[in-house]
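Chemist: Protein chains in written order, with the working numbering: chain A, 336 to 484; chain B, 4 to 150.
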């Protein structure tokens, strides 16, 4: 069982999966062989609010690092998400069609967005934050956000 | 002997400062004040939270429709905590998923999307109120027949 990194800021508790890498906006990537699963970090989903609609680029879509691969609509915001990897979308999470709330309920698990067949992980990986680095960045952002409110 | 018809209780979210909370209250006002004033009664969630005896008694003796603005589902939980029976719980998020074009924004005053969403929600509640009233009417008539 994965032990998450955890921090509490004000009344909010955020988790980070130590097996993932992250881009700066909070999209996670977890690799297994030549495939990777992508999703929203716990911090990003909590900051965005309850997800009403999610759209993910269809299977077969070719992605370059940084390409928009998904859009999320919540009561608060509409967000376009950038791909943290290059490759081809090979699977979109079917759960999200009927239960987009899975992203809020289990962002690192059942709420994953899609699977990508990696085309250049060697180049992409150094451009991402590892879990420890993302954890520190997230804490700072969360503290800033609390101060602003 | 006259029998007083029991009204369906409507308990909306009390979320202040959230668009979904405002949508729930606007819809509740529409149902209780305009659409179905004779069949429904609004009970503010705050009264249940504060333990107001009269409100708790009404809730405990009536069928309730709750409208929750977020997943905390305070309205539904407070009705259950007060001994009431939730005949139907509405989630504003779920209703929004059915009416994607009506994106609510604004808090003190809703935008056009929010007003339309509240109206759509109110109409769904109206339908449930009619159904509950129909069943209650039927049950009462059956009771009269056996009397």
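We put the beta carbon where it would ideally sit given N, CA and C, even for glycine.
Determine the DSSP secondary structure at residue 109 of chain B, reduced to helix, strand or coil.
Modeler: Three-state result, residue 109 of chain B: coil.
Chemist: Just tell me which of A:385, A:356, A:336 and A:351 has its CA closest to the CA of residue 97 of chain B.
Modeler: Of the listed residues, the one whose Cα sits closest to residue 97 of chain B is A:385.
Chemist: Helix, strand or coil: which one does DSSP assign to residue 351 of chain A?
Modeler: In this structure, residue 351 of chain A counts as strand in the three-state DSSP scheme.
Chemist: With burial defined as no fewer than 16 other Cβ atoms inside 10 Å of the residue's Cβ, what is the status of residue 5 of chain B: buried or exposed?
Modeler: Residue placement at residue 5 of chain B is poorly supported in this model, since its pLDDT is 40, which falls under 50; the coordinates still yield a value, given next. When all chains shown are included, residue 5 of chain B counts as exposed.
Chemist: Looking only at DSSP bridge pairs, what is residue 94 of chain B linked to?
Modeler: B:71, per the DSSP bridge assignment.
Chemist: Provide the residue(s) that pair with residue 456 of chain A in DSSP beta bridges, ordered along the chain.
Modeler: None; residue 456 of chain A has no bridge partner.
Chemist: Let me make sure I understand the geometry here. Which of B:73, B:69 and B:62 has the alpha-carbon closest to that of residue 79 of chain B?
Modeler: The residue with the shortest Cα to Cα distance from residue 79 of chain B is B:69.
Chemist: Hey, is the region 6-20 of chain B in contact with the region 435-447 of chain A, meaning 3+ C-beta pairs nearer than 8 Å?
Modeler: Too few Cβ pairs lie closer than 8 Å, so no.
Chemist: Using CA atoms only, rank isn't needed, just tell me which of A:478, A:388 and A:361 is closest to residue 100 of chain B.
Modeler: Residue A:388 is the option with its Cα nearest to residue 100 of chain B.
Chemist: In this structure, how does DSSP classify residue 448 of chain A when only helix, strand and coil are distinguished?
Modeler: Three-state result, residue 448 of chain A: coil.
Chemist: For residue 355 of chain A, count neighbouring Cβ atoms within 10 angstroms of its own Cβ and tell me buried if that reaches 16, exposed if not.
Modeler: Flag for residue 355 of chain A reads buried.
Chemist: Can you give me the start and stop residues for the alpha helix (DSSP H) that residue 438 of chain A sits inside?
Modeler: 437-440 is the span of the alpha helix (DSSP H), which, as asked, contains residue 438 of chain A.
Chemist: Drop a sphere of 10 angstroms on the beta-carbon of residue 66 of chain B, count the other beta-carbons inside from all chains shown, and report buried for 16 or more, exposed for fewer.
Modeler: When all chains shown are included, residue 66 of chain B counts as buried.
Chemist: Taking just the CA atoms, how far does residue 360 of chain A sit from residue 472 of chain A?
Modeler: The straight-line gap from Cα to Cα measures roughly 10 Å.
Chemist: Pairing CB atoms from the region 115-132 of chain B with CB atoms from the region 26-33 of chain B, are three or more of them under 8 Å?
Modeler: Counting Cβ pairs under 8 Å, three or more are found: they touch.
Chemist: In this structure, what does DSSP give as the bridge partners for residue 406 of chain A?
Modeler: A:390 and A:415.
Chemist: Residue 99 of chain B touches chain A at which residues, Cβ-Cβ below 8 Å?
Modeler: Result: 387 and 410.
Chemist: Compare the C-beta of residue 103 of chain B against all C-beta atoms of chain A and say whether one is closer than 8 Å.
Modeler: With 8 Å as the cut-off, residue 103 of chain B counts as an interface residue toward chain A.
Chemist: Residue 116 of chain B to residue 108 of chain B, Cα distance in whole Å?
Modeler: Rounded to the nearest angstrom, the two C-alpha atoms are 7 Å apart.
Chemist: By DSSP, does residue 337 of chain A sit in helix, in strand, or in coil?
Modeler: Coil.
Chemist: Out of curiosity, what's the CA-to-CA distance linking residue 74 of chain B and residue 138 of chain B?
Modeler: Roughly 30 Å separates the two Cα atoms.
Chemist: Taking the alpha carbon of residue 477 of chain A as the reference point, which residue from A:366, A:377, A:370 and A:373 has its own alpha carbon closest?
Modeler: Checked all of A:366, A:377, A:370 and A:373; the closest Cα to residue 477 of chain A is A:377.
Chemist: For residue 32 of chain B, decide whether its Cβ has a neighbour in chain A, counting only Cβ atoms nearer than 8 Å.
Modeler: False, the Cβ-Cβ gap to chain A never drops below 8 Å.
Chemist: Leaving out five residues on either side along the sequence, give the residues of the same chain with a beta carbon under 6 Å from the beta carbon of residue 363 of chain A.
Modeler: 355, 357, 374 and 376.
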